[in-house]
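Trainee: For the sequence shown, the working numbering gives the first residue as 1, with consecutive numbering after it.
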Amino acid sequence: MADNFEGEPDEDFRTVLDIGWKVIAVTREDKPETGYETLRLGAIGAREDLCTMFERYARREIDEEERDCLEDIIDRVSGHTLALQLIARQIECSHISVSEAAQLLKERGFGNIAPERVDYVKDQMLFYEKVSDIISMLFAAGHMEDGERVILKVLSLFPFSGVEINAFSDMIVPDAMNAPDWLEAKKGTVKDVLNGLARAGWVQAEGGILSVHPVVHEVIRQWEWTEKCGRAFAVLADSISGQIEAAEGKGSGGNEGQWPGTDIRRERQYGMGMCYRNLLDWLRIAESVLDNSGKEVVLKQRKEYYVLLYETLMHMPLDREEYILEHAGKLLHEESEYGNIPEGGEGLLELYCRVIRVYGEQGKLEMAYSELKNLEKAAGKYGSRYISGRYYLALADYYDYVIAGDYYRGRHAADVRRRLKAVDRAIRCLKKEKAGGARFYYISALLTKAHLLIIAYPGRHKEMLKLFDAVKPYTAGGFTVRESLLPSVETSLTRLDYDVVKGWYHTYMDEDYESMMRVMADAEKVSRATSHTDLRIISSIVRPWSNMLYEFGRYEEAAEKLKEGIRMCGKEEYRGVIPYIRKKVDLYACLLDVYYLSGNFEKCREVIGVIDEENLKNRDVGVVKVIAEDYRGEVFGGDMNAVKRQ
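#1: If you reduce the DSSP assignment to three classes, tell me which class residue 119 lands in.
#2: Hey, is the segment 306 to 318 in contact with the segment 228 to 243, meaning 3+ C-beta pairs nearer than 8 Å?
#3: Below 8 Å, how does it come out for the segment 108 to 124 and the segment 58 to 72: are there three or more Cβ pairs, yes or no?
#4: Buried or exposed: where does residue 190 fall if 16 or more other Cβ atoms within 10 Å of its Cβ makes it buried?
#5: Applying the criterion that 16 or more other CB atoms from any shown protein chain within 10 Å of the CB defines a buried residue, is residue 498 buried or exposed?
#6: Can you check DSSP and say which residues form a bridge with residue 362?
#7: For residue 4, count neighbouring C-beta atoms within 10 Å of its own C-beta (all shown protein chains included) and say buried if the count is 16 or more, exposed if not.
#8: What are the boundary residues of the beta strand (DSSP E) that residue 54 is part of?
#9: Please list, in chain order, all residues of the same chain as residue 504 whose beta carbon is under 8 Å from its beta carbon, the five residues on each side excluded.
#10: How many whole angstroms separate the CB atoms of residue 471 and residue 443, which I take to be in contact at a CB cut-off of 8 Å?
#11: On a Cα-Cα basis, can you pick out the residue from 169, 21, 42, 6 that is closest to residue 78?
#12: Are three or more beta carbon pairs between the segment 390 to 397 and the segment 343 to 354 nearer than 8 Å?
#13: Which two residues bound the contiguous alpha helix (DSSP H) that contains residue 209?
#14: Going straight from the alpha carbon of residue 161 to that of residue 219, what length do you get?
#15: What span of residues does the beta strand (DSSP E) with residue 144 cover, start to end?
#16: Would you mind stating whether residue 111 and residue 98 have Cβ atoms separated by less than 8 Å?
#17: Excluding the 5 residues preceding and the 5 following residue 10 in the sequence, name in chain order all residues of the same chain whose CB lies nearer than 8 Å to its CB.
#18: Using the C-alpha atoms, what's the distance from residue 208 back to residue 403?
#19: Please list, in chain order, all residues of the same chain as residue 252 whose beta carbon is under 6 Å from its beta carbon, the five residues on each side excluded.
#20: Which value, in whole angstroms, describes the spacing of the CA atoms of residue 312 and residue 241?
#21: Check the C-beta distance from residue 419 over to residue 441 and give it rounded, since I have them as a contact under 8 Å.
#22: Buried or exposed: where does residue 628 fall if 16 or more other Cβ atoms within 10 Å of its Cβ makes it buried?
#23: Hey, residue 225 and residue 153 are a contact pair by Cβ (cut 8 Å); roughly how many whole angstroms apart?
#24: Could you give the distance in angstroms between the alpha-carbon of residue 526 and the alpha-carbon of residue 104?
#25: Would you decide whether residue 24 is buried or exposed? Buried here means 16 or more other CB atoms lie within 10 Å of its CB.
#26: Which partner residues of residue 204 appear in the DSSP bridge assignment?
#27: Roughly how many angstroms lie between the CA atoms of residue 157 and residue 293, to the nearest whole one?
#28: Skipping 5 residues on each side, what residues in its chain have a beta carbon closer than 6 Å to that of residue 198?
#29: Have a look at residue 29 and residue 193 and give me their C-alpha separation to the nearest angstrom.
#30: Shortest alpha-carbon distance to residue 359 belongs to which of 552, 385, 326?
#31: Got a sec, what are the start and stop residues for the beta strand (DSSP E) residue 128 sits in?
#32: Note down the Cα distance separating residue 18 from residue 144, rounded to an integer number of angstroms.
#33: For residue 8, count the other beta carbons within 10 Å of its own beta carbon; 16 or more makes it buried, fewer makes it exposed. Which is it?
#34: Roughly how many angstroms lie between the CA atoms of residue 243 and residue 286, to the nearest whole one?
#35: Would you identify the three-state DSSP class for residue 43, choosing helix, strand or coil?
#36: Using 10 angstroms around the beta-carbon of residue 133, count the other beta-carbons present and answer buried if the total reaches 16, otherwise exposed.
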């Protein structure tokens, strides 16, 4: 028997066979078909068999409460029998629970679950070693070249699902004409090295996807991050950052990754299609690379790590609220002088604005205000009118969350005045500023003020018209902003904001239903073409349009518009996603208001029943809409037993 056979079935191999003995060659390598009889051994497939094996090595039964944790452990090691055996022995030796082991596996990898040594048998002899030492011995890498080690080390940062081979090759060697020094000449190209590693069993390359088995991944994690590995990581991080920017249309990645400009037909084709899917793919890769590299002190000391983290946070969809909040602190609060944030003060500003917006959407106004004060303090260090103007716009947005749409009853009159004051300050700061996107935000401030005057100060009609006139120099041809003044993405956003504000004007000022419907239909086209998520469409179109319809007394149309948003939130892909759960409940509350104010109490009772059901389902995630008992009593005609039944 030739154990761990690494040779080739060549002439010398046939000479051995001619002796007349029966020969068995055991190998991990992927040998080509040679005509010899072969038997390929795979992992145990049945989940129940794996659980039984785990119990045997843990020397106890796994109860039902621990079953989910064991399932998670099995998934994380892809059912690898030796890995499960070692984890089970570690649980026994370290006296930890299955749930603790599952959590440690997630945080540290199974090689470092606990420090106690476990027993194992090799060549009929009993040994005691750390799990990390055992798995390292199983995959000897002493004969590897530096280039192979670097590639494996960098590949270990990617998700277990793998990465496309050509994309990986381009990421770590962007310039094929100038290969890095760590890629030894005798090994050829990156793909040559990868093919060799695949034949040796270190990586898997199937269907054009390159991946590392979780157990091999655990071995590679034990290796040191050398200086060469660090340089390769820097190239990788820069490549991913560039791809994220290109997918959003801000980089130099060619037409495929760029926004399609002001042509609505092209925007409709690409806005939520190919470009956005491409962006999500790169964000998933970035998440994995950041998660794994964030555990390595040597990588967290490199600026490329923070550039990638910043780009990921700034392009992450807002429905990933917890991810944004959890990781933004690494940039905003762990570095006192903001040295880890790229683009200086502007980068700091953008990230703070995003965090404040997330807290505002969550209704955590105290947290939003706290971050707003941090932004004010940071903005003061730069002495830039542009940054000051952006701060005042963020302050105005904060007061919008405080007011929560209640502009009409006078309860928030002071907050409305504060919001108007903040917008005026933003306009003064941005009016003559040309740095960054000042022109876009200046127009945004003008439109924000116009909207505020329409809904809260209708007596200032002349001033309102002057604001619309002030926007006109930046518009042409049906309010398509000239390319020379604004980039294409900002063109679409400006057109969207303008149409919605005009919709409010036609609702409150000239009470022109047909004109309102026309401009909102145009706004919807732009929103659907350029919005990355349904949340954006609901916020920019569904909610304001339903309110406008209500103001015109079109109650059924307003209700149908809200139901459209509810159906969006109810898509299967959004199941369990808290921002969509919260938005769905908010829309039901608006629907209840529409039916209540239109006097349709039968529909009110139906909606209250649905809200109560949603409250039961969503209580664990903290999304509950409280309906006052006196309100219920009125809707149910004073029959409190009916209220309780509902």
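Beta carbons: idealized from backbone N, C-alpha and C, even for Gly.
Mentor: Inspection of the coordinates gives the following:
#1: Residue 119 falls in the strand class under three-state DSSP.
#2: Yes, since at least three Cβ pairs between the segment 306 to 318 and the segment 228 to 243 fall closer than 8 Å, the two stretches touch.
#3: Flag = no, the segment 108 to 124 and the segment 58 to 72 do not touch.
#4: Residue 190 comes out buried.
#5: With 16 or more Cβ atoms within 10 Å of its Cβ, residue 498 is classed as buried.
#6: According to DSSP, residue pairing for residue 362 in a beta bridge does not occur.
#7: The residue in question, residue 4, is exposed, as its Cβ has fewer than 16 Cβ neighbours within 10 Å.
#8: Run containing residue 54: none in the beta strand (DSSP E); it sits in the alpha helix (DSSP H), 47 to 58.
#9: The residues are 451, 454, 455, 544, 548.
#10: Between residue 471 and residue 443, the beta carbon gap of about 6 Å places them in contact (Cβ cut-off 8 Å).
#11: When each option's Cα is compared against that of residue 78, the closest is 42.
#12: The segment 390 to 397 vs the segment 343 to 354: in contact.
#13: Counting along the chain, residue 209 falls outside any alpha helix (DSSP H), though it belongs to the beta strand (DSSP E) covering 209 to 211.
#14: Their Cα atoms are separated by approximately 18 Å.
#15: Run containing residue 144: none; DSSP gives neither H nor E here.
#16: The Cβ atoms of residue 111 and residue 98 lie no closer than 8 Å to each other.
#17: Exclusion of the five residues before and after residue 10 leaves no residue of its chain whose Cβ lies closer than 8 Å to its Cβ.
#18: Computed Cα separation, rounded: 53 Å.
#19: Because the pLDDT at residue 252 is just 35, under 50, the model does not fix this residue reliably, and the point stays unresolved.
#20: Going by the C-alpha atoms only, they are around 8 Å apart.
#21: About 16 Å separates the two Cβ atoms, so there is no contact after all.
#22: Exposed: under 16 other Cβ atoms inside 10 Å.
#23: Going by Cβ atoms, the distance from residue 225 to residue 153 rounds to 7 Å, so yes, they are a contact pair.
#24: Roughly 47 Å between the two C-alpha positions.
#25: Flag for residue 24 reads exposed.
#26: Answer by DSSP bridge pairing, in chain order: 211.
#27: Their backbone Cα atoms lie some 7 Å apart in a straight line.
#28: Excluding sequence neighbours, residue 198 sits near 205.
#29: Distance between the alpha carbons of residue 29 and residue 193 is about 15 Å.
#30: The residue with the shortest Cα to Cα distance from residue 359 is 326.
#31: For residue 128, the enclosing beta strand (DSSP E) begins and ends at 125 to 129.
#32: Whole-angstrom Cα-Cα distance: 33 Å.
#33: Classified as exposed, residue 8 has fewer than 16 neighbouring CB atoms from the shown chains inside 10 Å of its CB.
#34: Each residue's alpha carbon lies about 10 Å from the other.
#35: DSSP places residue 43 in coil when its eight states are reduced to three.
#36: Exposed, since its Cβ has fewer than 16 Cβ neighbours within 10 Å.
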